[in-house]
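Accompanying notes for the structure given below.
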Amino acid sequence: MPDELSAADIIAESAGPKAVAETDRAPSEEPEQFSPRLANARDMIITEHVDKWFGDFQALDDVSLRIKEEEIVVILGPSGSGKSTYIRCLNRLEEHDAGRIVIDDIELNEDVRALQAIRSEVGMVFQQFNLFPHLSVLSNITLGPQKVRHMPKLEAEALAMQLLERVGIPEQADKFPAQLSGGQQQRVAIARALAMQPKIMLFDEPTSALDPEMIKEVLDVMQELAESGMTMIVVTHEMGFAREVADRLVFFDEGALVEQGTPEHFFTNPREERTKLFLSQIL
Ligand SMILES: Nc1ncnc2c1ncn2[C@@H]1O[C@H](COP(=O)(O)OP(=O)(O)OP(=O)(O)O)[C@@H](O)[C@H]1O
Ligand SMILES: [Mg+2]
């Protein structure tokens, strides 16, 4: 085994001598490590030196992160560390102030067409499910495909039923959101996002508003999605999910990307004091 070089080793070797000594690197400039299964995958999300300010408060500070197609990244960090701001910048719910964001080869800038392209590729699921209360479950899911993708009604309904099967609640199609449990509503929200056939799914604490007994049913749907090859970024405190499903964990603090690595790295050998402190508080 020691004689075998991994693909990453070969790439590192062929890149020549390292310009910067390991110890001199800023945390966000450390080499990104990808799971072997992603060795040949292309970059789906590129963020370089991203800053975000709210007035004179800096919410994101020089965040650089590349995410591969089909990669599952879990973002951890204390409240206020910029996790939501980061993923909201990825579909331009927030505009970044400096740096670059490129999603599936489309650069996020003032170009409205680029924005529309991104929005149709990036699905998002929030802590609060944000379903339309006056629409049935089925109509919540068919609305996007019909209005945005101009899909005929019957086709949109067939797609919606297929997605409700996938998230395990086809029998709820004709109910209204208020008639469902939190876990069921969140599964509808996931089905609604999937109905737009996104290439990337962003989850912002999707289980934080749920009663404990409903968390697993939502995590199971997310795990199935991860295994189906979706590119996903998940902000969550569910460490079981992070450990089992994530290819990579990323730790934010005070707007900066402090540390990243495999779940094994985080759970056995975190490097930064801030990471250790955070993990000691939540594990
Ligand atoms: N629209 C806004 N206007 C002003 N400040 C904001 C705005 N949105 C976020 N912030 C601030 O930016 C910082 C980062 O917020 P963000 O919501 O990204 O944190 P977070 O890591 O998602 O926290 P939490 O775990 O509590 O959800 C916080 O201090 C927050 O108060
Ligand atoms: Mg948040």
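Under our numbering, the first residue of the sequence shown is numbered 1, with each subsequent residue one higher. Here a beta-carbon is modelled for each residue, glycine too, at the ideal position from N, C-alpha and C. Only a predicted model underlies this, so the values are computations on that prediction, with no experimental measurement involved.
{"Query": "On the three-state DSSP scale, how would you describe Ser-280?", "Result": "helix"}
{"Query": "What residues come near ligand 3, if near means a beta carbon less than 5 Å from any of its heavy atoms?", "Result": "In the structure on display, ligand 3 does not appear, and the ligands it does have are ligand 1 and ligand 2."}
{"Query": "Helix, strand or coil: how does DSSP classify Glu-69 here?", "Result": "coil"}
{"Query": "Classify Pro-219 as helix, strand or coil using the three-state DSSP reduction.", "Result": "A quick correction: the sequence has Leu, not Pro, at residue 219. Note: Leu-219 maps to helix in three-state DSSP."}
{"Query": "Is the separation between the beta-carbon of Val-221 and that of Ile-75 shorter than 8 Å?", "Result": "no"}
{"Query": "Considering only C-alpha positions, which residue in the set Glu-48, Gly-55, Ser-64, Thr-47 is nearest to Val-258?", "Result": "Ser-64"}
{"Query": "Got a sec? Which residues, its chain only, sit under 6 Å from Gln-58 by beta carbon, not counting five neighbours each side?", "Result": "Gly-255"}
{"Query": "Quick check on the burial criterion: 16 or more other C-beta atoms within 10 angstroms. Buried or exposed for Ile-87?", "Result": "buried"}
{"Query": "Please tell me whether, using a cut-off of 7 Å, the distance from the CB of Asp-204 to the nearest non-hydrogen atom of ligand 2 is below it.", "Result": "yes"}
{"Query": "Return yes when the C-beta of Lys-235 is under 7 Å from any heavy atom of ligand 2, and no when it is not.", "Result": "A quick correction: the sequence has Val, not Lys, at residue 235. True, at least one ligand heavy atom lies under 7 Å from that Cβ."}
{"Query": "Relative to the C-alpha of Pro-145, which candidate in His-134, Glu-157, Lys-276, Glu-213 has its C-alpha closest?", "Result": "Glu-157"}
{"Query": "Could you pull the start and end residues of the beta strand (DSSP E) that Leu-202 belongs to?", "Result": "200-204"}
{"Query": "When the Cα of Asp-104 is compared with those of Asp-111, Arg-66, Ser-84, which residue comes out closest?", "Result": "Arg-66"}
{"Query": "Cutting at 6 Å between CB atoms, please list the residues of its own chain near His-96, excluding the five before and the five after it.", "Result": "Val-50, Lys-52, Cys-89"}
{"Query": "For a test of the three-state rule: what should DSSP assign to Val-250, helix, strand or coil?", "Result": "strand"}
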